[in-house]
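**Student:** Let me give you the structure first, and then I'll get to my questions.
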Amino acid sequence: MSVLLKKKFNLKNIVVGLTAAAALGLASHSALAKDVKTRIVRFGYGLADDSPAGQATRYFADEVKRLSDGKINVKTYGNGALGSDEQMQNALIGGSQEMTFVSTAPLAGMVKEFGVFDLPFLFDNDKVADYVLDGPEGKKLLDSLTGKGLIGLVYWENGFRNITNSRHEISKAGDIKGIKLRVMQNQVALSVFNGLGANAIPMPFTELFTALETKTIDGQENPLSTIQTSKFYEVQPYLTISNHVYTPFVLLASKKWWDGLSGDEKGIIQTAAADAQQFQRKTSRDAAISSLAYLKDKGLKVSEFSTAEKEKIRDALAPILADLTVKIGEPTVTAILAEAKKGQDQK
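Position 87, counted from 1, in the sequence shown is what our numbering calls 90; the numbers after and before it change by one each time, with no gaps.
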């Protein structure tokens, strides 16, 4: 074979190989999105657009668009534009809205076992929380929503909750007595803070800032990034780093809508949800660090519960927690605590 002929033969092989590789890549990509219709997905949420979860919602929307070759367009509506968490939750059940994320507290109204996440000092740190939420017990709770008209996709992070108020510094449990404190709308949060002597008042998040500003209530409890992005520091001069509860968000889809999706479309949503989970958790944890510095710069007087004070709170709440364990469901509480212990022992 001549040198020239060899060169032509090799060139032909290279072109054929590249063409085959390109075709394989296109086939692989199209396999992910082969049965995908043009769709609009309404995704509402209560927090500010610049919150970690708001940023993650836009990240999720971008991922869905990319994976679907632009066919599925997720429209995001922050700042409670589509209603309160409870209203959006009901809209998903009814099929008039496709997606949202909510704290676990509103979900406890329909699946009581979700109340386990409102028990104080359940997780020592975020690594333990991830271990439990992403494990079998966390998935079991997500799966329990299917019969209620909701699809629980993954857990995002709301974070460790801390207390602000407009009356005085809170550095020990006794300081909470008499404080009119907004809590999430479920029985566990009400029982815990009433047990500590607060006047616990359930209230939708969308009404919270106005209630604080008008002093209808004295204080609230939320993660640091939420305190910053919701501008509670404008009307709350005292901040207590209590880390009393770790609150997850649950990324939800309407079952009515979900049941109408193809397998490929569901795969796109699930892949984007898992990617957004990692983005959201990192963003949330970075934000908690920067938010504390920001709030200090804004002049908030910051105090913190000591380890000894946390033990006193646990002791004071022991009878209430025993009663709540029965109401939430002892098997669930026991299983979650066991998983948390395993997570704590992980190296």
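The beta carbon of each residue, even a glycine, is placed where N, CA and C say it ideally should be.
Return the CA-CA distance between residue 295 and residue 60, expressed in angstroms with no decimal places.
**Tutor:** Along the sequence shown, read from residue 1 onward, the residue named residue 295 stands at position 292. Along the sequence shown, read from residue 1 onward, the residue named residue 60 stands at position 57. Looking at the two C-alpha atoms, the distance is approximately 23 Å.
**Student:** Determine contact between the region 228-237 and the region 277-297, defined as no fewer than three beta-carbon pairs at a distance below 8 Å.
**Tutor:** With a cut-off of 8 Å, the region 277-297 and the region 228-237 count as touching, because enough Cβ pairs lie within range.
**Student:** Output the distance between the C-alpha atoms of residue 307 and residue 205, rounded to the nearest integer angstrom.
**Tutor:** The count along the sequence shown starts at 1 and reaches residue 307 at position 304. The count along the sequence shown starts at 1 and reaches residue 205 at position 202. Roughly 24 Å separates the two Cα atoms.
**Student:** Name the DSSP bridge partner or partners of residue 226?
**Tutor:** Locating residue 226 in the sequence shown gives position 223, counting from the first residue. Residue 226 is not bridged to any residue.
**Student:** Just confirm the distance between the C-beta atoms of residue 364 and residue 169, as a whole number of angstroms; I'd bet it's less than 8 Å.
**Tutor:** Any question about residue 364 goes unanswered here, given that the chain covers just 4 to 350.
**Student:** Go to residue 93, then tell me how far its alpha helix (DSSP H) extends in each direction, as first and last residue.
**Tutor:** If you number the sequence shown from 1, residue 93 lands on position 90. Segment 88-97, the alpha helix (DSSP H) holding residue 93.
**Student:** Take residue 290 and list the residues in its own chain whose beta-carbon comes closer than 6 Å to its own, dropping the five residues that flank it on each side.
**Tutor:** Start at 1 with the first residue of the sequence shown, and residue 290 comes out as number 287. Excluding sequence neighbours, residue 290 sits near 55, 228.
**Student:** Could you check which residue in 46, 185, 221, 176 has the C-alpha nearest to that of residue 199?
**Tutor:** Here residue 199 corresponds to residue number 196 of the sequence shown, with the count starting at 1. Residue 199 has its Cα closest to that of 176, out of 46, 185, 221, 176.
**Student:** Can residue 207 and residue 136 be called in contact, C-beta distance under 8 Å?
**Tutor:** Taking the first residue of the sequence shown as 1, we reach residue 207 at position 204. Taking the first residue of the sequence shown as 1, we reach residue 136 at position 133. In this structure, residue 136 does not lie closer than 8 Å to residue 207 by Cβ.
**Student:** Per DSSP, residue 42 forms a beta bridge with which residues?
**Tutor:** Mapped onto the sequence shown, residue 42 falls at position 39. Residue 42 pairs with 75.
**Student:** Quick one: measure Cβ to Cβ for residue 131 and residue 347, integer angstroms, because I've assumed they're closer than 8 Å.
**Tutor:** For the purposes of this step, residue 131 is taken as the residue at position 128 of the sequence shown. For the purposes of this step, residue 347 is taken as the residue at position 344 of the sequence shown. Right, the Cβ-Cβ distance comes to about 5 Å (below 8 Å), so this counts as a contact.
**Student:** Is the separation between the beta-carbon of residue 71 and that of residue 116 shorter than 8 Å?
**Tutor:** Here residue 71 is taken as the residue at index 68 of the sequence shown, counted from 1. Here residue 116 is taken as the residue at index 113 of the sequence shown, counted from 1. It is not a contact, given that the beta carbons lie outside the stated cut-off.
**Student:** Taking C-alpha atoms, which residue in 75, 293, 81, 40 lies nearest to residue 52?
**Tutor:** In the sequence shown, counting from the first residue as 1, residue 52 sits at position 49. Closest by alpha carbon: 81.
**Student:** Which residues mark the beginning and the end of the beta strand (DSSP E) in which residue 48 is found?
**Tutor:** For the purposes of this step, residue 48 is identified with residue 45 of the sequence shown, where counting begins at 1. Here residue 48 belongs to no beta strand (DSSP E), and DSSP marks it neither H nor E.
**Student:** Under 8 Å: do the region 312-329 and the region 87-105 share three or more Cβ pairs, one atom per stretch?
**Tutor:** No: fewer than three Cβ pairs fall under 8 Å.
**Student:** Could you confirm whether any beta carbon from chain B is found closer than 8 Å to the beta carbon of residue 207?
**Tutor:** The structure shown contains no chain B, having only a single protein chain.
**Student:** How big is the Cα-Cα spacing for residue 266 and residue 37?
**Tutor:** Taking the sequence shown and counting its residues from 1, one reaches residue 266 at position 263. Taking the sequence shown and counting its residues from 1, one reaches residue 37 at position 34. Approximately 10 Å, taken between the alpha carbons.
**Student:** Drop a sphere of 10 angstroms on the beta-carbon of residue 247, count the other beta-carbons inside from all chains shown, and report buried for 16 or more, exposed for fewer.
**Tutor:** Counting from one through the sequence shown, the residue named residue 247 turns up at place 244. Its Cβ being crowded by 16 or more others within 10 Å, residue 247 is buried.
**Student:** Name the two residues that bound the continuous beta strand (DSSP E) containing residue 155.
**Tutor:** Within the sequence shown, residue 155 is the residue found at index 152, counting from 1. Run containing residue 155: 153-163, per the beta strand (DSSP E) assignment.
**Student:** Over what stretch of residues does the beta strand (DSSP E) that includes residue 241 continue unbroken?
**Tutor:** Within the sequence shown, residue 241 is the residue found at index 238, counting from 1. Unbroken beta strand (DSSP E) run through residue 241: 241-244.
**Student:** Using a threshold of 8 Å, state whether the C-beta atoms of residue 39 and residue 74 are closer than that.
**Tutor:** Here the question's residue 39 lines up with position 36 in the sequence shown. Here the question's residue 74 lines up with position 71 in the sequence shown. Contact flag set, yes.
**Student:** Counting Cβ pairs, one atom from each stretch, are 3 or more of them under 8 Å apart for the region 116-126 and the region 322-337?
**Tutor:** Short answer: they touch.
**Student:** For residue 185, name the three-state secondary structure that DSSP assigns.
**Tutor:** Position 182 of the sequence shown, counted from the first residue, corresponds to residue 185. In this structure, residue 185 counts as strand in the three-state DSSP scheme.
**Student:** Work out the CA separation of residue 78 and residue 201 for me, nearest whole Å.
**Tutor:** Within the sequence shown, residue 201 is the residue found at index 198, counting from 1. Within the sequence shown, residue 78 is the residue found at index 75, counting from 1. Answer to the nearest angstrom: the Cα atoms are 40 Å apart.
**Student:** Could you check where the alpha helix (DSSP H) with residue 55 kicks off and where it finishes?
**Tutor:** The residue you call residue 55 lines up with position 52 of the sequence shown. Residues 55-70.
**Student:** Tell me which same chain residues have a C-beta within less than 6 Å of the C-beta of residue 142, skipping the five on either side of it?
**Tutor:** Here the question's residue 142 lines up with position 139 in the sequence shown. Around residue 142: no qualifying Cβ.
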